[in-house]
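Residues in the sequence shown are numbered from 23 upward in steps of one, following the working numbering. The structure appears right after this line, and notes come after that.
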Amino acid sequence: MHALNEKSFEATQAVDKAVIAPMAFAYKRHVPRPVRDGVRNILKNLREPIVLVNFLLQLKPGKAAETAGRFALNSTAGIGGLLDIAKRRPFNLPRRPNGFADTLGFYGVKPGPFFFLPLIGPTTLRDAIGGVADRALLLTAIGAPFNRPAYSVPATVLGTLDRRIEFDEDLRRIRDETENPYVSRRTFYLRKRQAEIDALKGHQAKNRVTQNPSASSEQTSLSSRPPLRCDVIPTLDAAPTSRPTNTQP
């Protein structure tokens, strides 16, 4: 499996270098930041029903109520999520990403085998199952027209480009400053996911996160950003995340 994952990683990086990265930075150069921010906010807002359901499954009613409030505010006063009104004063309701993979981890389900999927990126068996459940709930919750190709294809493309821009520094460090980029990328992903599960449980992460992913494969330092669940092609249910450390109800 290691050899197959490594080949998949190399192929994905080649596609990224030839196609995705140039497109992402053309998008950054030619599309004003307020427009890009608005697109990102809309995609995040559409994911809020998943966050709400999973906080309920984790028996965190306080966080679930805050998520419901965020979704209502941003879907109305925020013009369908274009503006993140909820995070501003006087509401002060931060976005708290969550998903079925997090719920599985919260209840003790182990990550299982690690995979690096072609053009999709790093995942584990637990995260892959959780991602499928997230997407099924998302399409059920938001319904038509958001489950049609006319929406899902542009959303996937724009989400891909936005994520590629957001994580460019991390990807460059892993590619250029580590002896084995694949091993460093795997370590980056697994440690970050464990830190997120620990935070949900209210535990301090066992693997402390720093800001320079350029050490050896056994002691790879990690960026403070969240993991890239999809390096190249994130779907609507894989919008960029930024997880808080305080996740108690």
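Just so it is clear, CB atoms sit at the ideal spot from N, CA and C, and this is done for glycine as well. Every value quoted in this text rests on a predicted model; they were computed, and no experiment measured them.
Here P144 carries a strand assignment [DSSP, helix/strand/coil]. Of I64, N169 and A123, the smallest CA-CA separation from A99 is found for I64. Within the same chain, Cβ atoms closer than 7 Å to the Cβ of E88 are found at L115, the five residues on either side in sequence being excluded.
Cβ-Cβ separation between A172 and G153: approximately 23 Å, too far for a contact (criterion under 8 Å). Per DSSP, reduced to three states, the secondary structure at L81 is coil, with no helix or strand assignment.
In the same chain as Y204, and ignoring 5 residues on each side of it, the C-beta atoms closer than 8 Å to its own belong to N27, E28, F31, E32 and F138, in chain order. Less than 8 Å divides the Cβ of G121 from the Cβ of N76.
By the Cβ-count criterion, A158 is exposed, with fewer than 16 other Cβ atoms from all chains shown falling within 10 Å of its own Cβ. Counting other Cβ atoms within 10 Å of its Cβ, E70 reaches 16 or more and is therefore classed as buried. Residue state for F93 is assigned as helix, using DSSP reduced to three classes. In the three-state reduction of the DSSP assignment, F31 falls in the helix class, which pools H, G and I. Collapsing the DSSP output to three states places F168 in coil.
According to the DSSP assignment, L193 belongs to the alpha helix (DSSP H) that extends over D190 to E199. DSSP places F47 within a helical segment (H, G or I) once states are collapsed to three. Taking C-beta atoms as the reference points, P144 and R51 fail to come closer than 8 Å. In its chain, beyond the 5 residues on either side, N67 and G103 have a beta carbon closer than 7 Å to the beta carbon of S97.
In the assembly as shown, K82 is a buried residue. Its beta-carbon has 16 or more other beta-carbons within 10 Å.
In this structure, DSSP gives L65 a helical state, which the three-state scheme calls helix. Scanning its chain for C-beta atoms nearer than 6 Å, with the 5 sequence neighbours on each side dropped, one finds around I219 the residues G127, in chain order.
Closest in C-alpha terms to G181, from the list G165, V57, Y129 and V73, comes V57. Residue pairing by DSSP places L160 opposite no residue, since no beta bridge is assigned to it. Shown here for A90: same chain residues with a beta carbon closer than 7 Å to its own, the five before and five after excluded, namely L74 in chain order. Collapsing the DSSP output to three states places F128 in a helix.
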